[in-house]
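Residue numbers (full-length UniProt numbering), protein chains in the order written: chain A, 1 to 450; chain B, 1 to 188.
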């Protein structure tokens, strides 16, 4: 395999456009905003540590609140890494290149905070290691711990290994005067020299990881669905839950990567590399994934709704016409139906409409997880009797909102700092595509560059 | 209100009357039950095990009383067929089934019961026998089950999970070794 030849001078437009840049005023404002949210969340967590989970509104019946909803949301979003970097690669989709690293960092940030939010949900977080030391292998919770840890490691490798040549570029272009930056890039570049053998190894690793990450990604969300489906509860007791969760995760993840891509494209002026064609293609993909998810939703709600058996019926009534109806129908309509309709039209697949629709999908996805977790817990088979009135409902406290918001802000901070440190579009892969003829006739990527 | 001697006397008379009236009623009820009796015995007739109840009143057998035979279970009782009416000797007999589960020693408690009856009121007799089929209780505490302790996980599950984890982490280890190789190639 021929090594990729990258010119490390100003004549290389790719370097000018894609090398990480310092935060401008709006970038600093964004980081400051996220840090404030994180600090408030950290303060709320300190309170939770001091006083215990009593600062939350979780009680005997609603023992899983927005922490677990948020956890399921993060797991869902993380699936995008496998979608773009593996599934689109294995199906030989060429236009994916500028989106791969964005989706991988989203995946790593999301799965990292999914793991953190599980610890937050624990009343005794110092006993976290007990999960590994005393876990029962019969329990889906232990399967989830295993698969999340594994997915985090594999996603990190899938982010890091293709990053090596670009870290080396950063290393080589960092002046000696910036000692810490130089050391940082040198350390993580692993003596990358860009030899043919090194490139061959990188390609081999990417191919192996791309194959490995697909079953892992399916596994992580299927096992997460089993946390619910292996219990005998209204709304969870469903053999449909695995594919239903996976379909929802792909939809949410696809929405997430489109939203982040739009912001990065505009902020760093990457329109040459992330074209309208990319948004058009991703929108089509999102429509497909939304249709699949809609199909699973119909199965998940219509079939039990036709039967309306006892507690299932009460649970569904609370969703269809009861307490949760406004949220339920908002999520179904604005998080699924409207996006599908909008993106069926060509004008709806332009960058801005797709961005807005993707945000709707992501926000809808978060609240959908809330609707999966909480209403079921409030509809146990044995009626809730002789308990304080507040136990009949669940309304997250400010501490829960603050900690949840902090975890979301934390994930965005990870992405933000990553973009500050590393090229968000792979320079070496873009160079490789430029050096390889016949690439991307379908997307006209390089017409724009010419 | 002041307590007058007349009122006190009236009150005492009323209390005494109530006491005497209640005592008379109680003794009337007791006399019915004390006179009627049911006894339960076990025997065999032509190799068929039988429970026999004898109903008497004032030591005289009572004819035409319906007796229900039951087996006591953990929750409630299991009827042994329909009610049996006592004969001239005051006897009601029920065949004992050969497949009735008992405890680990085969013990069962048989009840003979007379429900509301004008002559006897309610009567009940119970007696244990070892005619039941001994029940073997499977103690699964130390067996490999899904609901067992961590050490008692089903082997198939352990093998499946360990194999999958070893396979995936083996590949991850291989990837890390490749990173080491990339590093060494750069040094060279």
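We put the beta carbon where it would ideally sit given N, CA and C, even for glycine.
Predicted model only: the values in this text are computed from it and were never measured.
Residue(s) in a DSSP beta bridge with residue i
i	result
residue 409(A)	Paired residues: none, contrary to the question.
residue 43(B)	50(B)
residue 31(A)	In the DSSP output, where bridge partners are listed per residue, residue 31(A) has none listed.
residue 110(B)	71(B) and 127(B)
residue 78(B)	71(B)
residue 37(B)	56(B)
residue 91(B)	54(B)
residue 66(B)	85(B)
residue 133(B)	101(B)
residue 61(B)	56(B)
Test item: CB-CB of residue i and residue j under 9 Å
i	j	result
residue 167(A)	residue 185(A)	yes
residue 44(A)	residue 411(A)	no
residue 79(A)	residue 217(A)	yes
residue 77(A)	residue 362(A)	yes
residue 77(B)	residue 111(B)	yes
residue 293(A)	residue 242(A)	no
residue 191(A)	residue 183(B)	yes
residue 491(A)	residue 407(A)	Residue 491(A) is absent from the structure shown; chain A starts at 1 and stops at 450.
residue 115(A)	residue 252(A)	no
residue 273(A)	residue 430(A)	yes
residue 95(B)	residue 143(B)	no
residue 125(B)	residue 38(B)	yes
residue 347(A)	residue 339(A)	no
residue 195(A)	residue 173(B)	no
residue 102(B)	residue 132(B)	yes
residue 261(A)	residue 279(A)	yes
residue 146(A)	residue 158(B)	no
residue 256(A)	residue 110(A)	yes
residue 119(B)	residue 62(B)	yes
residue 355(A)	residue 259(A)	yes
residue 270(A)	residue 31(A)	no
residue 158(A)	residue 81(A)	yes
residue 72(A)	residue 435(A)	no
residue 161(A)	residue 206(A)	yes
residue 296(A)	residue 386(A)	no
residue 15(A)	residue 6(A)	yes
residue 451(A)	residue 314(A)	The structure shown does not extend to residue 451(A), since chain A is modelled only from 1 through 450, so no value can be given for it.
residue 193(A)	residue 425(A)	no
residue 117(B)	residue 46(B)	no
residue 93(B)	residue 53(B)	yes
residue 189(B)	residue 150(A)	The structure shown does not extend to residue 189(B), since chain B is modelled only from 1 through 188, so no value can be given for it.
residue 405(A)	residue 148(A)	no
Presumed contact (8 Å Cβ cut-off) between residue i and residue j, rounded CB distance
i	j	result
residue 128(A)	residue 141(A)	With a Cβ gap of about 12 Å, residue 128(A) and residue 141(A) do not count as contacting.
residue 419(A)	residue 20(A)	7 Å
residue 74(A)	residue 113(A)	5 Å
residue 417(A)	residue 170(A)	Rounded, the Cβ-Cβ distance is 14 Å, inconsistent with contact.
residue 245(A)	residue 236(A)	Not quite, the Cβ-Cβ distance comes to about 11 Å (not below 8 Å), so this is no contact.
residue 210(A)	residue 90(A)	6 Å
residue 42(B)	residue 129(B)	5 Å
residue 178(A)	residue 108(A)	In fact, because the Cβ distance is near 25 Å, the residues do not count as touching under 8 Å.
residue 55(B)	residue 90(B)	5 Å
residue 367(A)	residue 331(A)	5 Å
residue 377(A)	residue 324(A)	In fact, because the Cβ distance is near 12 Å, the residues do not count as touching under 8 Å.
residue 145(B)	residue 154(B)	7 Å
residue 67(A)	residue 121(A)	4 Å
residue 316(A)	residue 306(A)	Between residue 306(A) and residue 316(A) the Cβ distance is about 10 Å, and since that is not below 8 Å, they are no contact.
Check: residue i C-beta below 8 Å from any heavy atom of the ligand FMN
i	result
residue 53(A)	What this structure holds is no ligand at all, so the ligand FMN is not there to describe.
C-beta neighbour in chain E for residue i, strict 9 Å
i	result
residue 187(B)	Here chain E cannot be found, since the structure's protein chains are A and B.
Given a limit of 8 Å on CB to CB distance, which residues of the region 203-225 of chain A reach chain B? 204, 205, 208, 209, 212 and 216
What residues in the region 187-200 of chain A have a beta carbon less than 7 Å from any beta carbon of chain B? 190, 191, 192, 193, 195, 197 and 198
Short-range partners of chain B found in the region 128-153 of chain A, where Cβ spacing is below 8 Å: 134, 135, 136, 137, 138, 143, 146, 150 and 153
Would you mind listing the alpha helix (DSSP H) stretches within the region 172-244 of chain A that are 4+ residues and don't spill past its ends, in chain order? 179-189 and 196-229
Where the region 151-171 of chain A meets chain B: residues whose CB sits under 9 Å from a CB there: 153, 154, 157, 160, 161, 164 and 168
According to a CB-to-CB cut-off of less than 8 Å, which residues of the region 149-162 of chain B neighbour chain A? 149, 150, 153, 154, 157, 158 and 161
My parser needs the alpha helix (DSSP H) runs of 4 or more residues fully inside the region 90-157 of chain A; what are they? 97-120 and 130-133
Pull out every residue of the region 160-184 of chain B whose Cβ sits closer than 9 Å to any Cβ of chain A, in chain order. 161, 162, 164, 165, 168, 169, 171, 172, 174, 175, 176, 178, 179, 180, 181, 182, 183 and 184
Uninterrupted alpha helix (DSSP H) stretches inside the region 344-420 of chain A (no shorter than 4 residues): 351-377
Could you tell me which whole alpha helix (DSSP H) segments of length 4 or greater appear in the region 262-331 of chain A? 276-307 and 310-320
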